[in-house]
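The number in the numbering used here is simply the position in the sequence shown, starting from 1, with 61 added.
Every residue gets a Cβ at the ideal spot worked out from N, C-alpha and C, and that includes glycine.
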Amino acid sequence: MTQVNNPLHGIKLEDLLTDLVDHYGWEELGSRIEIRCFTHDPSIKSSLKFLRKTQWARDKVEYLYLKMNKLPLPAPRDYDGENRVAKPQKSKEPLPEVNAKIWGK
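Set out below in structure tokens:
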């Protein structure tokens with residue numbers, strides 16, 4: 062049972078998106094989450110197609126849905142600017158003393 066603590070378990074993406082559109086409308090949704098499928102000729106079908114392919118956008122939509130319904134929020138993920146891929150967490154360990162003669166300490 063890995064979905065026990067997942068507040069989105071059992072909610073279809075289409076239902077989630079429909080609730081957001083009903084609550085905010087396309088214009089407000091596009092200003093809160095700036096993605097083209099919400100701002101230029103928006104439709105449920107095109108948005109679903111994009112959100113199923115693009116994890117960073119889906120994360121933002123799911124986060125807004127949870128916030129709208131006052132459900133527990135997950136920790137936000139960091140994405141790099143261009144590829145929108147989750148950044149790996151940097152370790153807090155000090156760097157090794159390799160090439161200390163060249164680069165200094």
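Asked                                                                                                                                                              : Found
Name the two residues that bound the continuous alpha helix (DSSP H) containing H84.                                                                               : L74 to R93
Using only alpha-carbon positions, find the residue among P135, I105 and L134 that is nearest to E75.                                                              : I105
With a threshold of 8 Å on Cβ separation, who are the neighbours of G91 within its own chain once the five nearest residues in sequence on each side are excluded? : F99, T100 and P103
Return the bridge partner residues of K124 from the DSSP annotation.                                                                                               : A small fix is needed here, since residue 124 is Tyr in this sequence, not Lys. Paired residues: none, contrary to the question.
So, are the CB atoms of R119 and L127 less than 7 Å apart?                                                                                                         : no
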